[in-house]
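*Asks:* Supplied in structure tokens, the structure appears directly below.
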Amino acid sequence: MNGTSQTRRLAWDACVQLNTRTPLAPPTAAADAPKQLLHDAQTIDAVLAAVLDSGPPRGVATVIGQARQALLPGLVLRADFEQWCGATGAAAVGDGERQWPAFEDLVTALDDARPLLEAAETVLDAFARSSTWGWVTLDSQVVHKGSHLTVRRDHIRRPDGTDGTYEYIEVADTVRVLAINPNGEVVMVEDHFYLQAAQPVLHLPGGAVDPGEGVEQAGHRELEEETGWRAERLEVLGRIDPLRGAARTTSHLLLATGLSPGQPAREVAETGMRVRYVPAAEAVRLARTGGIREAGSLTALLLAELPSAWPAPAGSARPAA
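Reminder that position 177 of the sequence shown reads as 188 in my numbering, one-by-one numbering, no gaps.
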């Protein structure tokens, strides 16, 4: 294993130890005794020292050094604990350990070290996962290329230094548009999808971002094509990665206001689509109770659950659907 791979592996191991030992791990009865606390602190110091000795980048080394310095007040108490055990003949297990006079000092020292240990864990995790130090693509093969998606199989090197394969889908980014009509209703569509053909799916209008098209442009286009509404304004509510481990794609969530009637122009696959007007409170209730399960629609509705997002009712006007 070369130097950079070794450093990456050690950083990964350090993250594991930091997350599974006191003071960062959730406390347990066994971990609340001096002997175990001192053992955990010594183990963490050892794995941090190993990363430091392997020659990480300067910024990483600085944070590790600060974390080790923060551990010192607790580590220096080990000699006192061992001396106390020898002098008292204590078994140094279980509740008897808590009679050690410096026990509270140890607990305080480790609590004080927590912020710098958390900072070290964050930096080490980012270091191990970064494009330079984490996952590495050795080669990439197209397994299948269809009209809407590409399936790839990559030969990769994992953050722990081992090699393997990773299969995933590449598909165009998408938009979901949360549109509010002049009555303060959410404009939704109901459609039958091939993979969910047993029942209609209620969701926000949206679809793929076409090649060369901007996100806002796609939002305007999809809204009018599917619902017959045009939006005066679009603003970004947020973004989600709906299948982070299996697909390289992002769904952009948009809020549309200032609606006026336009002209629907649905695709052949959308022939059976129906527009549904859902009161805002009911749409949020459906999102919270499982009536709306499409990821982008559900997220957009919950992100926009603000009184300022809903215009006051101003009469009824609906384009032909």
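The beta carbon of each residue, even a glycine, is placed where N, CA and C say it ideally should be. Note that the structure is a prediction, hence the values are computed from the model and not measured.
Quick one, which of 182, 148 and 203 has its alpha-carbon nearest residue 176's?
*Replies:* Of 182, 148 and 203, the residue nearest in Cα terms is 148.
*Asks:* Under the three-state reduction of DSSP, which class applies to residue 309: helix, strand or coil?
*Replies:* Residue 309: helix per DSSP, three-state reduction.
*Asks:* Residues bridged to residue 151 by DSSP?
*Replies:* Residue 151 is bridged to 165.
*Asks:* Using the DSSP secondary-structure output, state which residues sit across from residue 212 in a beta bridge.
*Replies:* DSSP output for residue 212 lists 202 as bridge partner(s).
*Asks:* Would the beta-carbon of residue 212 fall within 9 Å of that of residue 224?
*Replies:* No; because the gap between Cβ atoms is not below 9 Å, this pair is not in contact.
*Asks:* Bridge partners of residue 156, per DSSP?
*Replies:* DSSP, once it has assigned bridges, lists 161 as partnering residue 156.
*Asks:* Let me know the secondary structure DSSP gives residue 104 once reduced to three states.
*Replies:* With a pLDDT of only 45 at residue 104, under 50, the local geometry of the prediction cannot be trusted, and the value read off the model is given with reservation. In the structure shown, residue 104 sits in coil (DSSP, three-state: anything other than H, G, I, E or B).
*Asks:* Return the CA-CA distance between residue 49 and residue 27, expressed in angstroms with no decimal places.
*Replies:* C-alpha separation (whole angstroms): 18 Å.
*Asks:* Which partner residues does residue 221 have in the DSSP bridge list?
*Replies:* None, per the DSSP bridge assignment.
*Asks:* Any chance the segment 272 to 283 sits against the segment 293 to 309, with 3 or more Cβ pairs inside 8 Å?
*Replies:* Too few Cβ pairs lie closer than 8 Å, so no.
*Asks:* What three-state label does DSSP hand residue 16 in the structure shown?
*Replies:* Looking at residue 16 - three-state DSSP - the assignment turns out to be helix.
*Asks:* So, do the segment 109 to 128 and the segment 75 to 94 have three or more beta carbon pairs nearer to each other than 8 Å?
*Replies:* Counting Cβ pairs under 8 Å, three or more are found: they touch.
*Asks:* Quick check on DSSP: helix, strand or coil for residue 56?
*Replies:* Three-state DSSP puts residue 56 in a helix.
*Asks:* Return the CA-CA distance between residue 261 and residue 183, expressed in angstroms with no decimal places.
*Replies:* In a straight line, the C-alpha of residue 261 is about 8 Å away from that of residue 183.
*Asks:* Give every residue of the same chain whose Cβ lies closer than 8 Å to the Cβ of residue 254, excluding the five residues on either side of it in the sequence, and list them in chain order.
*Replies:* Excluding residues within five positions, the ones whose Cβ falls inside 8 Å are 180 and 260.
*Asks:* Among residues of its own chain, excluding the 5 on either side of residue 294, which ones have a beta-carbon nearer than 6 Å to its beta-carbon?
*Replies:* So the qualifying residues of the chain are 197 and 312.
*Asks:* Please return the same chain residues whose Cβ sits closer than 7 Å to the Cβ of residue 23, not counting the five positions on each side in sequence.
*Replies:* Only 139, 170 and 171 meet the Cβ criterion.
*Asks:* According to DSSP, simplified to helix, strand and coil, what is residue 42?
*Replies:* Below a pLDDT of 50, predicted positions are generally treated as unreliable, and residue 42, at 49, falls in that range; the measurement from the model is reported next regardless. Reduced to three states, the DSSP call for residue 42 is helix.
*Asks:* Do residue 237 and residue 286 have their beta-carbon atoms positioned less than 9 Å apart in this structure?
*Replies:* Yes, the Cβ-Cβ distance between residue 286 and residue 237 is below 9 Å.
*Asks:* Could you tell me whether the Cβ atoms of residue 56 and residue 34 are closer together than 9 Å?
*Replies:* Not a contact, by the Cβ cut-off of 9 Å.
*Asks:* Kindly indicate which residue of 249, 230 and 247 has the alpha-carbon position closest to the one of residue 240.
*Replies:* Residue 240 has its Cα closest to that of 230, out of 249, 230 and 247.
*Asks:* Classify residue 132: buried if its beta carbon has 16 or more other beta carbons within 10 angstroms, exposed otherwise.
*Replies:* Looking at its Cβ environment, which holds 16 or more other Cβ atoms inside 10 Å, residue 132 is buried.
*Asks:* What residues in its chain sit with their C-beta under 7 Å from that of residue 164, if we drop five residues either side in the sequence?
*Replies:* So the list reads 152, 154, 176 and 178, once near-sequence residues are dropped.
*Asks:* Flag this pair as yes or no: are the beta carbons of residue 292 and residue 190 separated by less than 9 Å?
*Replies:* Cβ atoms of residue 292 and residue 190: not closer than 9 Å.
*Asks:* Going by other Cβ atoms of all chains shown within 10 Å of its Cβ, with 16 needed for buried, is residue 217 buried or exposed?
*Replies:* With 16 or more Cβ atoms within 10 Å of its Cβ, residue 217 is classed as buried.
*Asks:* Please state whether the Cβ-Cβ distance between residue 215 and residue 158 is less than 9 Å.
*Replies:* The answer is no: Cβ separation not under 9 Å.
*Asks:* Under 7 Å Cβ to Cβ from residue 283, same chain only, skipping five residues before and after it: list those, please.
*Replies:* Hits under 7 Å: 202 and 203.
*Asks:* Using CA atoms only, rank isn't needed, just tell me which of 270, 135, 36 and 306 is closest to residue 194.
*Replies:* The option with the nearest alpha carbon to residue 194 is 270.
*Asks:* From the DSSP output, in three-state form, read off residue 97 for me.
*Replies:* Residue 97 falls in the helix class under three-state DSSP.
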